[in-house]
Amino acid sequence: MQTAAAEPLALVAPLMLPLDACGSAYEGYLLSNVKRAAGRPASLWLRLSGLRTGALSLAGAQLEANAELAALLQSGDAEAVLAQRLAEAPSLQAFFVELQNMVDTLSLDSNTAAVAAAAARPAAFYAGLKAELDALGWRRVAALSEDLSSLTLAATDSAGRRHELRLELPPGYPATLPTPSADLPAALELRWGAGCGLATALRQFEAALERHQQLWDTLDDLDAHCWVIEPSAPTRSILHRRIALGSHVSLALTLDPAHPGALPTDCRFMGSDAAVAPFRQRLHDNRGLWQEGRTLRENLEAVLELRLPERQGGDTEDASADCAICYAYRLLPEAAASAPAAAVADEGDTPDINCDNAACGKPFHRRCLVEWLNSDASTRQSFNTLFGSCPYCSAPITVKTG
Numbered sequence: 051m052q053t054a055a056a057e058p059l060a061l062v063a064p065l066m067l068p069l070d071a072c073g074s075a076y077e078g079y080l081l082s083n084v085k086r087a088a089g090r091p092a093s094l095w096l097r098l099s100g101l102r103t104g105a106l107s108l109a110g111a112q113l114e115a116n117a118e119l120a121a122l123l124q125s126g127d128a129e130a131v132l133a134q135r136l137a138e139a140p141s142l143q144a145f146f147v148e149l150q151n152m153v154d155t156l157s158l159d160s161n162t163a164a165v166a167a168a169a170a171r172p173a174a175f176y177a178g179l180k181a182e183l184d185a186l187g188w189r190r191v192a193a194l195s196e197d198l199s200s201l202t203l204a205a206t207d208s209a210g211r212r213h214e215l216r217l218e219l220p221p222g223y224p225a226t227l228p229t230p231s232a233d234l235p236a237a238l239e240l241r242w243g244a245g246c247g248l249a250t251a252l253r254q255f256e257a258a259l260e261r262h263q264q265l266w267d268t269l270d271d272l273d274a275h276c277w278v279i280e281p282s283a284p285t286r287s288i289l290h291r292r293i294a295l296g297s298h299v300s301l302a303l304t305l306d307p308a309h310p311g312a313l314p315t316d317c318r319f320m321g322s323d324a325a326v327a328p329f330r331q332r333l334h335d336n337r338g339l340w341q342e343g344r345t346l347r348e349n350l351e352a353v354l355e356l357r358l359p360e361r362q363g364g365d366t367e368d369a370s371a372d373c374a375i376c377y378a379y380r381l382l383p384e385a386a387a388s389a390p391a392a393a394v395a396d397e398g399d400t401p402d403i404n405c406d407n408a409a410c411g412k413p414f415h416r417r418c419l420v421e422w423l424n425s426d427a428s429t430r431q432s433f434n435t436l437f438g439s440c441p442y443c444s445a446p447i448t449v450k451t452g
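So the sequence shown is numbered by the numbering used here: it starts at 51 and just counts up by one.
Shown next, in the form of structure tokens:
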């Protein structure tokens with residue numbers, strides 16, 4: 051909202067121009083904030099005439115406007131208020147500040163009313179939706195918005211996993227396609243036409259679920275029988291896993307939804323070079339051992355010549371990917387320290403430095419290791435690199451401070 055009118059008219063109303071040398075009349079355009087935000091051109095034309103040079107007010111001046119501006123100013127008591135402002139304004143600048151603020155307020159109210167009108171749904175919409183839900187069965191409804199503009203349908207796949215389909219229903223539904231959202235590896239695109247409705251959307255959703263059964267079976271098997279480092283709470287749309295292998299080495303892989311049992315092309319070992327080298331060599335040498343008919347986990351164990359460790363039992367210290375200094379996997383920024391645990395479960399830094407001693411291989415957060423080495427008097431620094439000793443085995447270790 052603009053304030054005082056001590057500024058030149060060109061700053062207050064840059065699209066208004068004088069029609070004569072003495073400034074008795076002005077003509078031009080106003081641009082509301084609603085149109086300015088939308089990037090639309092100014093279309094509110096007006097002419098102000100009958101201005102008297104040296105007068106203490108604009109009393110007696112006449113205002114002409116185009117149909118769009120006139121309609122805007124005729125809403126409510128705006129016309130009477132404008133006439134009062136015109137009679138009492140001490141200067142041309144002050145009047146245009148008042149007029150601009152009034153136009154912005156009226157345009158915003160008008161735009162809000164237009165949006166509300168566009169969102170309004172006819173009675174047939176609600177009657178038809180109720181009839182559809184009755185036919186579909188209310189047991190399939192997981193959630194329903196208060197204004198019935200959106201709903202969530204529940205489905206169970208052949209393995210007994212529960213899934214939900216959220217539908218945003220436009221005012222023109224069912225003639226207009228609803229907007230779907232679901233926790234799937236790929237976006238759900240509904241095929242829509244005459245006669246389609248909630249049952250159609252649910253059938254297409256269930257068909258999409260069946261296409262991903264082998265993928266989810268494979269991921270569930272990894273989650274159940276491996277030490278999955280991340281993600282900590284995977285959803286059905288997440289295709290990657292980072293699993294512990296032991297010796298402070300982990301394997302990050304991303305499955306192909308079309309071929310979930312195949313050796314992933316995105317397959318990376320994480321850990322110190324000395325500890326990772328044997329695993330890379332086994333993967334290279336034993337690719338021929340990969341067999342169809344076995345689970346991804348069984349093939350990984352055959353190719354890597356090991357039994358993948360589980361979180362419970364086994365040598366958890368050897369398999370852990372937690373930082374060996376702070377004993378945490380995620381190092382949260384200070385701003386997130388007070389946030390709920392679920393909100394920051396997969397945020398923050400993870401250990402990205404490993405001791406190169408094959409007998410040690412401990413992982414560290416870069417920040418933790420920098421703080422540790424800075425506290426050790428024997429640490430040397432060259433530019434932004436610290437040279438020191440591993441906190442566990444005293445082997446040489448380096449880290450960049452940046």
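Idealized CB from N, CA, C, for every residue including glycine.
Check, Outcome
"Could you spell out where the alpha helix (DSSP H) holding R286 opens and where it closes?", "Looking at the DSSP string, R286 is not in any alpha helix (DSSP H), and its letter there is neither H nor E."
"Assuming K450 is part of the alpha helix (DSSP H), what are its boundary residues?", "Not the alpha helix (DSSP H): K450 falls in the beta strand (DSSP E), residues 446-450."
"Just the C-alpha distance for F329 and E355, rounded to the nearest angstrom, thanks.", "9 Å"
"When DSSP builds the beta bridges, which residues end up paired with E114?", "R97"
"Would you mind sorting Y377 into buried or exposed? The rule is 16 or more other CB atoms within 10 Å of its CB.", "exposed"
"Starting from T268, trace the alpha helix (DSSP H) in both directions and tell me its first and last residue.", "263-275"
"L179 and V191 - do their beta-carbons sit closer together than 8 Å?", "no"
"Please report how far the alpha carbon of E256 lies from the alpha carbon of E214, in whole angstroms.", "10 Å"
"Note down the Cα distance separating A393 from F175, rounded to an integer number of angstroms.", "Caution is warranted here: a pLDDT of 46 is assigned to A393, below 50, making its placement in the model unreliable, and the coordinate value is therefore given only provisionally. Cα to Cα, A393 sits roughly 37 Å from F175."
"At a cut of 8 Å, does the stretch 276-289 reach the stretch 222-237 through at least three beta carbon pairs?", "yes"
"Would you say the stretch 342-353 touches the stretch 310-317, given that touching needs at least three Cβ pairs under 8 Å?", "yes"
"If I measure Cβ to Cβ from L67 and keep anything under 6 Å in the same chain, skipping five residues before and after, which residues do I get?", "G78"
"DSSP three-state label for P328, please.", "helix"
"Take Q81 as the anchor and find which of T448, S200, A92, G73 has the nearest alpha-carbon.", "The residue you asked about is not Gln; residue 81 is Leu in the sequence shown. Checking every option, the nearest Cα to that of L81 belongs to A92."
"Count the other C-beta atoms from every protein chain shown that fall within 10 angstroms of the C-beta of D70, then say buried if there are 16 or more, exposed otherwise.", "exposed"
"With a Cβ-Cβ cutoff of 8 Å, do R380 and E397 count as a contact?", "yes"
"Hey, could you find the ends of the beta strand (DSSP E) Q431 is sitting in?", "430-432"
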